[in-house]
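Only one structure is covered here, and it is reproduced in the block below.
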Amino acid sequence: MYYPKQFNLGDIVETKKEHPCGSKQWEVIRVGADFKIRCMGCSRIVMLPRPKFEKSVKKVIKSAEIIENEQ
Ligand SMILES: [Zn+2]
Numbered sequence: 000m001y002y003p004k005q006f007n008l009g010d011i012v013e014t015k016k017e018h019p020c021g022s023k024q025w026e027v028i029r030v031g032a033d034f035k036i037r038c039m040g041c042s043r044i045v046m047l048p049r050p051k052f053e054k055s056v057k058k059v060i061k062s063a064e065i066i067e068n069e070q
C-alpha cells in the first residue's frame, strides 16, 4: 500500500541531488499537484510536479506541521 507523504508549507527538505549552487536544502512554498520549492542557498524558486518532487526529496529536515495526533 502506498502512503503519500505529507508536506506542508514552510517545510525544509533535503534533496538527493544538490542544486548547482551547492545547497541541498529547500523550503516548500507551494503544495498541491505542483510543488514550488525555494533553494536555501541561492533563493531560486523551482516548480515541479508532485511525483517528481517526492522522488527527489531525501528527507524532511524540519517540518512546519504544528501538531499531529499520534494515536
Ligand atoms: Zn541554489
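Those letters in the sequence shown? Residues 0 to 70, per numbering that gives the first Met the number 0, in order.
The C-beta atom is built at its ideal place from N, Cα and C for all residues, glycine as well.
TODO: Have a look at PHE34, LYS54 and CYS41 and flag the residue whose alpha-carbon is nearest the alpha-carbon of ASP10.
DONE: PHE34
- [ ] Return yes when the C-beta of ARG49 is under 7 Å from any heavy atom of ligand 1, and no when it is not.
- [x] no
Task: As assigned by DSSP and simplified to three states, the class of PRO48 - done: strand
Open item on the list: Using the three-state DSSP reduction, which class does GLU13 fall into: helix, strand or coil?
Closed with: strand
TODO: Can you list the residues near ligand 1, meaning Cβ strictly closer than 6 Å to any non-hydrogen atom, in the order they appear in the chain?
DONE: HIS18, CYS20, SER22, CYS38, GLY40, CYS41 and ARG43
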